[in-house]
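Novice:
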Amino acid sequence: MMRAQNWILVSLLLLLEFLGSRVHASNPGIVAKITQKGLNYAGVEGVATLESELMTITLPDFKGDFKIKHFGNGEYHFKSLRIKSVELKNSKLDLVPGEGLKASISNAFIHVNGDWKARKSFVRVSGSFDLKVKDISISVSLRLGSDSSGRPTATNKKCSSHIADVDLDISGKIGWLLNLFQKQIESKFRRILEDKICEIVKKSVASYLQPYLQTLPVTAKIDQIAVMDYTLVGPPEATPHSLDTPFKGKFFSQSHRSPVPFEPRAMNLPEDLDLMVYFGISDSVFNGASQVYWAAGTMNYTITDDMIPPNFHIRLITSSFRALVPQLGKLYPNMQMELQITTSSPPIMVFSQGNVTLTPVMDLQAFVILPNSVRAPLFLLSVTTSVWATMGVNASRLVSSVSPGSKLTMTLKHSDIGPINVPLIQAILNYYALSTLLPAVNENLEIGFPLPLPRNIELYDLLVQPYKDFLLLGANVKYTKS
160 MMRAQNWILV SLLLLLEFLG SRVHASNPGI VAKITQKGLN YAGVEGVATL ESELMTITLP
220 DFKGDFKIKH FGNGEYHFKS LRIKSVELKN SKLDLVPGEG LKASISNAFI HVNGDWKARK
280 SFVRVSGSFD LKVKDISISV SLRLGSDSSG RPTATNKKCS SHIADVDLDI SGKIGWLLNL
340 FQKQIESKFR RILEDKICEI VKKSVASYLQ PYLQTLPVTA KIDQIAVMDY TLVGPPEATP
400 HSLDTPFKGK FFSQSHRSPV PFEPRAMNLP EDLDLMVYFG ISDSVFNGAS QVYWAAGTMN
460 YTITDDMIPP NFHIRLITSS FRALVPQLGK LYPNMQMELQ ITTSSPPIMV FSQGNVTLTP
520 VMDLQAFVIL PNSVRAPLFL LSVTTSVWAT MGVNASRLVS SVSPGSKLTM TLKHSDIGPI
580 NVPLIQAILN YYALSTLLPA VNENLEIGFP LPLPRNIELY DLLVQPYKDF LLLGANVKYT
640 KS
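With the first letter of the sequence shown counted as 1, position 464 gets the number 623 in the numbering used here; the numbers rise by one all the way through.
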């Protein structure tokens, strides 16, 4: 039975192929490029799979007539045809700009054996045969497109196979008789095998390759808040140097699919690429995610005393803050405090050559927790800082983390308890940010989001490099059978 692995690496190319060299009505949020190295790998792996699939071919029995002077007419019958071995050599995948892919194999070999019988009047004879089919060439053209669901499609445009040499060896009683018609029999074998090879290829494209393409997600649930849209914004495109496909690449909220206010700019991926596949991920993808999570309230943080490291001597208790806020200890002696950090707008990630930075603007509201559990406001600070972002890949998910680029800078916006020592509070809260706030932020960022990959695809030899307005992710690819 044919499996989805048939031409699996070809389908990989159809699914990972992307870049944005073509002009679209709107720029894609995610683009990528399959290099020649990727095509070469696909050719090798695809041939190995096709060899095993060709071993499953069931060849039909066939009959014929013979006529020999002085002997008269007779019949022969070849049956129980079995493929014993297959060798596919000199395979390659070529890009056909504007159309798709062309897969070709030359100098292939198939070994077939089976049984024969012949009849002349009441005389019946039988034996076995051995058939060596040499110098087989196969050419398959695939047209690439996209369907209404936003997934890529592949249809068989043309298939041809040619067998240059057939060597038939017939054994058994009066096998010499059939040898008289060897050329005629070899010609029949050639036609049967040529038709059967293309029949298998066409069936694979329609029944197995296309369903495999459907394993590419058009949406991916990130968590309980966000979903990623991976629909294609245009069909796959073969260029002279790569196989390209554009993805929408937009985050949206699970509760409502309102558009995010970020449109991707065109991405110019570098040309000097030596890995199998490259993804270009627009800064709009990350900033769209920031918008979704900010709207959901996940960028608001509350810090309480039990979150402060135990070895830190300044606690979130009013008695610890008496030197910073003179009135605090008098008004609220030995009471628990709470810090609430909020953002008035989603943080924007700025991509430049080699760097990703954020400059979030936050408000920090300090409260005291009264005996009746009511929170009484103490003071409100405006907080600014710069943060470095680092991108990486965990399995097939793009993840990130942040580290401080500069210390927190604070400005007093309002105080409910008189003068406060802002510089000293700033120094203390910088420690709180490093020990408590950043770990909480990075815990959320570890979730990341999945890359648009079909089933059973793994990435390795990863390269992650920021460029102006986008992130470049490069990798080699491995197909893992499961």
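Think of the CB as a built atom: it goes at the ideal place given N, C-alpha and C, for glycine as much as any other residue.
Nothing here was measured: the structure is a model prediction, and the numbers come from that model.
Spell out the partners DSSP gives D289 in its beta bridges.
Specialist: Here residue 289 is taken as the residue at index 130 of the sequence shown, counted from 1. In DSSP, D289 forms a bridge with N272, D328.
Novice: Just the Cα atoms here: how many angstroms apart are R241 and N601?
Specialist: Here residue 241 refers to the residue found at position 82 of the sequence shown. Here residue 601 refers to the residue found at position 442 of the sequence shown. For R241 and N601, the distance between alpha carbons rounds to 60 Å.
Novice: Considering only the alpha carbon of each residue, which of K355, A385, F510, Y460 lies closest to S152?
Specialist: Any question about residue 152 goes unanswered here, given that the chain covers just 160 to 641.
Novice: Look at I606 and I381 and say whether their C-beta atoms are less than 8 Å apart.
Specialist: Residue mapping note: residue 606 aligns to position 447 of the sequence shown, counting from 1. Residue mapping note: residue 381 aligns to position 222 of the sequence shown, counting from 1. In this structure, I381 lies closer than 8 Å to I606 by Cβ.
Novice: Would you give the residue range spanned by the beta strand (DSSP E) that T404 belongs to?
Specialist: As a working mapping, residue 404 is identified with position 245 in the sequence shown. If you look at T404, you'll find it in the beta strand (DSSP E) that goes 402-406.
Novice: Apply the 10 Å Cβ neighbour rule to D388 and answer buried if 16 or more other Cβ atoms are within range, or exposed otherwise.
Specialist: Against the sequence shown, residue 388 aligns to sequence position 229. D388 comes out buried.
Novice: Return the chain-ordered ranges of every beta strand (DSSP E) run that is complete within the stretch 558-614 and spans a minimum of 3 residues.
Specialist: 568-574
Novice: Between the alpha carbons of A535 and A525, how many angstroms are there, rounded?
Specialist: The sequence position of residue 535 within the sequence shown is 376, counting from 1. The sequence position of residue 525 within the sequence shown is 366, counting from 1. When rounded, the distance between both Cα atoms is 9 Å.
Novice: Closer than 6 Å by C-beta to V546: which residues in its own chain qualify, once you throw out the five before and the five after it? Chain order, please.
Specialist: One-based indexing of the sequence shown puts residue 546 at position 387. So the list reads L517, V561, G564, once near-sequence residues are dropped.
Novice: Whole angstroms are fine: how far does the CA of K409 sit from the CA of S417?
Specialist: Looking up residue 417 in the sequence shown gives position 258. Looking up residue 409 in the sequence shown gives position 250. Near 11 Å, if we compare the C-alpha coordinates of K409 and S417.
Novice: What are the residues that DSSP puts in a beta bridge with M496?
Specialist: Numbered from 1 along the sequence shown, position 337 holds the residue referred to as residue 496. For M496, the pairing in a beta bridge is given by DSSP as V527.
Novice: Can you tell which of A313, T549, T215, Y591 has its C-alpha closest to the C-alpha of E670?
Specialist: This structure gives no information on residue 670, because the portion of the chain shown stretches from 160 to 641.
Novice: Out of G233, N427, S541, G257, which has the shortest C-alpha to C-alpha gap to V284?
Specialist: On the sequence shown, residue 284 is found 125 positions in, with the first residue counted as 1. Here the closest residue by C-alpha is G233.
Novice: Considering Cα atoms alone, identify which of T463, V558, K276 is closest to H236.
Specialist: Position 77 of the sequence shown, counted from the first residue, corresponds to residue 236. Answer by Cα proximity: K276.
Novice: Using the C-alpha atoms, what's the distance from N266 back to V282?
Specialist: Locating residue 282 in the sequence shown gives position 123, where the first residue counts as 1. Locating residue 266 in the sequence shown gives position 107, where the first residue counts as 1. Looking at the two C-alpha atoms, the distance is approximately 41 Å.
Novice: State the DSSP-derived secondary structure class of L209, mapped to helix, strand or coil.
Specialist: Indexing the sequence shown from 1 puts residue 209 at position 50. Three-state DSSP puts L209 in a helix.
Novice: Could you check whether V364 and P187 sit closer than 8 Å to each other, using their CB atoms as the reference points?
Specialist: Position 28 of the sequence shown, counting from 1, holds the residue named residue 187. Position 205 of the sequence shown, counting from 1, holds the residue named residue 364. No.
Novice: Is F480 helix, strand or coil by DSSP?
Specialist: Start at 1 with the first residue of the sequence shown, and residue 480 comes out as number 321. Annotated three-state conformation of F480 is helix, per DSSP.
Novice: Would you call A323 buried or exposed, if buried means 16 or more other Cβ atoms sit within 10 Å of its Cβ?
Specialist: Residue numbering aside, residue 323 sits at position 164 when the sequence shown is read from its first letter. The residue in question, A323, is exposed, as its Cβ has fewer than 16 Cβ neighbours within 10 Å.
Novice: Taking the DSSP output, what are the residues bridged to D522?
Specialist: Within the sequence shown, residue 522 is the residue found at index 363, counting from 1. By DSSP's assignment, D522 forms a beta bridge with T501, S541.
Novice: Please state whether the Cβ-Cβ distance between G488 and S503 is less than 8 Å.
Specialist: As a working mapping, residue 488 is identified with position 329 in the sequence shown. As a working mapping, residue 503 is identified with position 344 in the sequence shown. Contact: no.
Novice: Do you know whose CA, among L539, P609, A592, L588, lies nearest I576's CA?
Specialist: The residue you call residue 576 lines up with position 417 of the sequence shown. Nearest of L539, P609, A592, L588 to I576, Cα basis: L539.
Novice: Taking only the alpha-carbon atoms, compute the straight-line gap between V533 and V527 and give it to the nearest angstrom.
Specialist: As a first step, residue 533 must be located in the sequence shown, where it is residue number 374. As a first step, residue 527 must be located in the sequence shown, where it is residue number 368. Using only the alpha carbons, I get a separation of about 8 Å.
Novice: Touch check for the stretch 344-362 and the stretch 211-219: three-plus C-beta pairs under 8 Å?
Specialist: Verdict: yes, contact present.
Novice: Between the beta-carbon of L632 and the beta-carbon of F438, is there less than 8 Å?
Specialist: By 1-based counting over the sequence shown, the position of residue 632 is 473. By 1-based counting over the sequence shown, the position of residue 438 is 279. Result yes, Cβ atoms of L632 and F438 sit closer than 8 Å.
Novice: Could you tell me which residues DSSP puts in a beta bridge with Q144?
Specialist: The chain is shown from 160 up to 641; residue 144 falls before or after that span and cannot be answered.
Novice: Roughly how many angstroms lie between the CA atoms of D465 and L372, to the nearest whole one?
Specialist: By 1-based counting over the sequence shown, the position of residue 465 is 306. By 1-based counting over the sequence shown, the position of residue 372 is 213. C-alpha separation (whole angstroms): 50 Å.
Novice: Using a Cβ-Cβ cutoff of less than 7 Å, which residues in the same chain neighbour S180 once the five nearest sequence positions on both sides are dropped?
Specialist: As a first step, residue 180 is located in the sequence shown; it is residue number 21 there, counting from the start. Note on S180: pLDDT 34, under 50, position unreliable in the model; the coordinate value appears next. For S180, where only same-chain residues beyond five positions count, the Cβ hits under 7 Å are T398, D403.
Novice: For the alpha helix (DSSP H) containing Q486, name the first residue and the last one.
Specialist: Position 327 of the sequence shown, counted from the first residue, corresponds to residue 486. Residues 485-490.
Novice: Leaving out the 5 sequence neighbours to the left and right, which residues in its chain are closer than 8 Å to V255 when beta-carbon positions are compared?
Specialist: The residue you call residue 255 lines up with position 96 of the sequence shown. K261, S300, A397, listed in sequence order.
Novice: Just tell me which of P613, T457, L428 has its CA closest to the CA of K637.
Specialist: Numbered from its first residue, the sequence shown carries residue 637 at position 478. The option with the nearest alpha carbon to K637 is P613.
Novice: I'd like to check one pair, A448 with A385: are the Cβ atoms closer than 8 Å?
Specialist: On the sequence shown, position 226 is the one that residue 385 refers to. On the sequence shown, position 289 is the one that residue 448 refers to. In this structure, A448 lies closer than 8 Å to A385 by Cβ.
Novice: Buried or exposed: E204, going by 16 or more other Cβ atoms within 10 Å of its Cβ?
Specialist: Numbered from its first residue, the sequence shown carries residue 204 at position 45. Its Cβ being crowded by 16 or more others within 10 Å, E204 is buried.
Novice: Count the other CB atoms, across all protein chains shown, that sit within 10 Å of the CB of T595; report buried if there are 16 or more and exposed otherwise.
Specialist: Within the sequence shown, numbered from 1, the residue matching residue 595 stands at position 436. When all chains shown are included, T595 counts as buried.
Novice: Taking only the alpha-carbon atoms, compute the straight-line gap between S296 and L247 and give it to the nearest angstrom.
Specialist: Walking along the sequence shown from the start, residue 296 turns up at place 137. Walking along the sequence shown from the start, residue 247 turns up at place 88. One C-alpha to the other measures close to 9 Å.
Novice: Take the Cβ of E346 as the centre, count every other Cβ of all protein chains shown within 10 Å, and call the residue buried at 16 or more, exposed below.
Specialist: Here residue 346 refers to the residue found at position 187 when the sequence shown is read from its first residue. The identity of residue 346 in the sequence shown is Ser, whereas the question assumes Glu. Per the 10 Å Cβ criterion, exposed.
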